[in-house]
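Going letter by letter, the sequence shown gives residues 1 to 524 in full-length UniProt numbering.
C-beta: ideal position from N, C-alpha, C; glycine also.
Every value quoted in this text rests on a predicted model; they were computed, and no experiment measured them.
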Amino acid sequence: MNVPMNVSRFLRRSALLYGTKPAVLDEDMTLTYRQFWDRVQRLSHALRASGIQPGDRVAWLGYNNHPLLEAYFGVVQFGAILVPLNIRLSPHDLALILDDAQPRLLVFDSDFEAVAKELRERRPMELIEIQIGGRHEGYLSYEEFLASAPDEADAADYTLDENTVAEIFYTSGTTGLPKGVALTHRNLYMNALQVLATLDFSDKTVMLHTIPLFHVNGWGAPHYITALGATHVMLRKFVPTRVLELIQAHRVTDALLVPTMVQALNLVPNREQYDLSSLKQVTVGGAPSPSSFVAETSAKLGTDYHGGYGLSETSPVVSAAVIKDVVSNRPLDDLYRWRGTAGIPLIGIDVSIVDDSDRELPWDGQTAGELRVRADSVMQGYWHKPEETRRVIRNGWFYTGDIAVIDSEGYIKIVDRKKDIIISGGENISSVELEDALYAHPAIREACVIGKPDPVWGEVPWAVVSLKDGASNHPDSILDEVNRGLAGFKRLKGIEVIADLPKTGTGKIQKTVVRQMFGAGWQQ
Numbered sequence: 001m002n003v004p005m006n007v008s009r010f011l012r013r014s015a016l017l018y019g020t021k022p023a024v025l026d027e028d029m030t031l032t033y034r035q036f037w038d039r040v041q042r043l044s045h046a047l048r049a050s051g052i053q054p055g056d057r058v059a060w061l062g063y064n065n066h067p068l069l070e071a072y073f074g075v076v077q078f079g080a081i082l083v084p085l086n087i088r089l090s091p092h093d094l095a096l097i098l099d100d101a102q103p104r105l106l107v108f109d110s111d112f113e114a115v116a117k118e119l120r121e122r123r124p125m126e127l128i129e130i131q132i133g134g135r136h137e138g139y140l141s142y143e144e145f146l147a148s149a150p151d152e153a154d155a156a157d158y159t160l161d162e163n164t165v166a167e168i169f170y171t172s173g174t175t176g177l178p179k180g181v182a183l184t185h186r187n188l189y190m191n192a193l194q195v196l197a198t199l200d201f202s203d204k205t206v207m208l209h210t211i212p213l214f215h216v217n218g219w220g221a222p223h224y225i226t227a228l229g230a231t232h233v234m235l236r237k238f239v240p241t242r243v244l245e246l247i248q249a250h251r252v253t254d255a256l257l258v259p260t261m262v263q264a265l266n267l268v269p270n271r272e273q274y275d276l277s278s279l280k281q282v283t284v285g286g287a288p289s290p291s292s293f294v295a296e297t298s299a300k301l302g303t304d305y306h307g308g309y310g311l312s313e314t315s316p317v318v319s320a321a322v323i324k325d326v327v328s329n330r331p332l333d334d335l336y337r338w339r340g341t342a343g344i345p346l347i348g349i350d351v352s353i354v355d356d357s358d359r360e361l362p363w364d365g366q367t368a369g370e371l372r373v374r375a376d377s378v379m380q381g382y383w384h385k386p387e388e389t390r391r392v393i394r395n396g397w398f399y400t401g402d403i404a405v406i407d408s409e410g411y412i413k414i415v416d417r418k419k420d421i422i423i424s425g426g427e428n429i430s431s432v433e434l435e436d437a438l439y440a441h442p443a444i445r446e447a448c449v450i451g452k453p454d455p456v457w458g459e460v461p462w463a464v465v466s467l468k469d470g471a472s473n474h475p476d477s478i479l480d481e482v483n484r485g486l487a488g489f490k491r492l493k494g495i496e497v498i499a500d501l502p503k504t505g506t507g508k509i510q511k512t513v514v515r516q517m518f519g520a521g522w523q524q
């Protein structure tokens with residue numbers, strides 16, 4: 001028997017088994033799993049009544065809130081395609097994405113009314129408004145849209161082809177235009193099962209959605225948390241004190257973060273006044289973490305710290321830094337080092353590292369090569385970009401563009417992006433290694449290392465940092481202290497101090513923007 005892997009089956013299960021349990025906590029609203037299910041069915045019926053057909057795209061411009069979580073199921077369960085949009089992009093960038101995706105409908109939070117209006121002027125779309133700060137005339141409200149439809153079951157979860165596209169996430173586009181990553185129901189379903197088979201989640205889990213849901217499938221949490229009948233806690237904007245308040249108020253057990261978010265939580269004044277005793281673990285992706293940072297966070301937040309790794313193209317989770325039982329008795333320094341890596345592959349995911357000639361490289365913790373992935377969760381392809389798809393999916397593998405080493409225990413460490421390796425005098429230098437050295441300095445709050453053009457060496461490593469509040473260290477003294485522990489050819493040749501480093505909508509440092517600011521003459 002082959003039963004289609006439609007993600008709406010996750011919600012159906014939890015509505016049946018956990019109907020009266022809180023499913024979604026969003027500001028002052030609490031939805032049980034039965035109420036969550038009913039609203040999802042209304043959304044599907046309302047979309048059908050408005051003319052949305054299977055295969056049509058529905059774009060969504062908004063914060064982490066219950067309507068967007070509802071869209072993860074209500075849009076896709078009858079075959080339409082959800083396109084979550086990055087709220088930090090300019091109208092011009094969003095217009096380019098919509099030109100590619102060609103949605104028939106745009107749902108937007110009221111804070112983005114001006115942007116939504118401008119986008120509709122560029123291309124014809126129906127607009128539906130989620131009221132946040134007040135109602136704007138001329139748009140149907142989301143609640144009115146749902147109220148017009150019945151809450152009877154509308155799921156096509158046993159007939160819909162699992163290989164149809166369910167979601168499209170647009171990559172940040174460091175070169176050229178953003179590409180739409182087309183994820184199928186099968187991709188999403190399998191990634192959820194891979195996470196649940198490998199990691200320690202249960203129906204007791206209370207997940208705080210600190211990562212925007214428009215980013216890489218919300219790290220898969222909308223699906224696997226729903227599948228368990230666990231609880232979603234929505235966070236519309238990342239404010240460190242608000243995060244701590246929600247952990248305390250809702251007894252949050254888990255949170256997904258990027259390093260800059262973790263650092264912001266570590267630096268909250270009077271952090272000890274919050275009761276964080278419920279927090280079981282934080283999973284940190286986006287960049288590898290030095291062991292000193294892992295140790296500091298574990299002590300300050302009183303929780304387990306796990307690195308993780310994934311991409312939009314892999315639905316997204318590839319690996320997680322769980323500590324295998326066979327190494328659990330190793331010294332604490334080793335455990336912290338492993339926890340800061342990308343971790344070991346999830347069950348059902350194959351990885352390898354290869355050189356430029358596609359020769360597989362050893363797992364010795366030293367030899368670096370491009371990381372490639374083979375799994376059911378790898379995307380169908382880039383939306384309407386077959387050549388781009390063939391470039392990254394070949395020989396039965398997805399080539400990530402990340403340079404990694406894998407040690408003998410199977411722990412993956414991302415050394416750099418292939419395009420971020422600094423080549424100075426013919427030597428390859430990992431910008432991530434240098435950033436780790438900077439983060440070990442007590443004055444550094446954020447760090448980014450770029451290759452700066454040099455007439456003799458081609459390019460040289462250059463640091464751009466922000467300092468912790470109250471730090472009085474002179475940049476030259478920081479540079480001297482950091483360089484003492486580095487090999488001669490790796491030493492930083494300069495340092496710039498700025499108030500804040502530019503970041504993406506998920507809080508990741510935008511190395512491309514830093515290059516534009518400080519790497520004059522640099523070319524991608």
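In this structure Ala463 does not touch Leu501 by the C-beta definition: roughly 11 Å separates them, more than the 8 Å allowed. Judged by pairs of C-beta atoms under 8 Å, the segment 429-445 touches the segment 407-421, as three or more such pairs exist. Our two residues, Asp355 and Leu361, have alpha carbons roughly 7 Å apart in a direct line.
A Cβ-Cβ contact shorter than 7 Å links Val351 with Val373. Cβ neighbours of Ala95 within its own chain (closer than 7 Å, five residues either side excluded): Leu119, Arg122. In this structure the segment 25-44 does not lie against the segment 84-94, because fewer than three pairs of beta carbons, one per stretch, are closer than 8 Å. If you look at Leu146, you'll find it in the alpha helix (DSSP H) that goes 142-147. In this structure, DSSP gives Ala197 a helical state, which the three-state scheme calls helix. Inclusion of Ile128 and Phe112 in the CB contact set at 7 Å is not warranted, their separation being larger than that value.
In the DSSP assignment, Pro67 falls within the alpha helix (DSSP H) that extends over 66-74. DSSP places Ile444 in no alpha helix (DSSP H) but in the uninterrupted beta strand (DSSP E) bounded by 444-454.
Ranking Leu492, Trp397, Arg330 by CA distance to the CA of Leu479 puts Leu492 first. The criterion of a C-beta distance shorter than 7 Å is satisfied by Arg57 and Pro103. Counting only the Cα atoms, Tyr72 lies some 46 Å from Gly494.
Of the candidates Glu70, Tyr274, Tyr158, Tyr158 places its Cα closest to the Cα of Met1. Within the DSSP secondary-structure output, Ser466 pairs in a beta bridge with Glu446. The Cβ-Cβ distance between Ala375 and Ile349 falls below 7 Å. In this structure, Ser289 places its C-beta atom within 7 Å of the C-beta atom of Gly307. Put simply, the segment 233-249 does not touch the segment 445-456. Fewer than three CB pairs are less than 8 Å apart. Secondary structure of Asn191 (DSSP, three-state): helix. The DSSP assignment places complete alpha helix (DSSP H) segments of no fewer than 4 residues inside the segment 354-410 at 386-392, in order along the chain. Taken in chain order, the unbroken stretches of beta strand (DSSP E) that lie wholly in the segment 240-273 and span 3 residues or more are 254-257.
Looking at Gly180, Ile132, Lys117, the one whose alpha-carbon comes closest to that of Gln380 is Gly180. Secondary structure in the segment 72-123: the beta strand (DSSP E) runs of 3 residues or longer, each lying completely within the stretch, are 81-84, 105-109 in chain order.
Per DSSP, reduced to three states, the secondary structure at Phe214 is coil, with no helix or strand assignment. Below 8 Å, enough C-beta pairs join the segment 289-300 and the segment 331-346 to call them touching: three or more. Contact annotation, Thr297 with Asn266: C-beta distance approximately 6 Å; criterion of less than 8 Å satisfied. For Leu228 and Ala153, the gap between their C-alpha atoms comes out near 20 Å. Per DSSP, the continuous alpha helix (DSSP H) segment holding Phe10 begins and ends at 8-17.
The closest CA to that of Leu208, considering only Val513, Pro4, Asp26, is found on Asp26. Shortest Cα-Cα distance from Pro22 to any of Gly488, Val233, Leu467 involves Val233. In terms of Cβ geometry, Thr184 and Ile347 do not form a close pair [threshold 7 Å]. Rounded to the nearest whole angstrom, the CA to CA distance from Gly410 to Ala321 is 10 Å.
The Cβ neighbour count for Lys237, taken over all protein chains shown within 10 Å, is under 16; the residue is labelled exposed. Boundaries of the alpha helix (DSSP H) harbouring Lys511: 511-518, taken from the DSSP string. Thr20 is positioned such that its CB atom lies no closer than 7 Å to that of Thr30.
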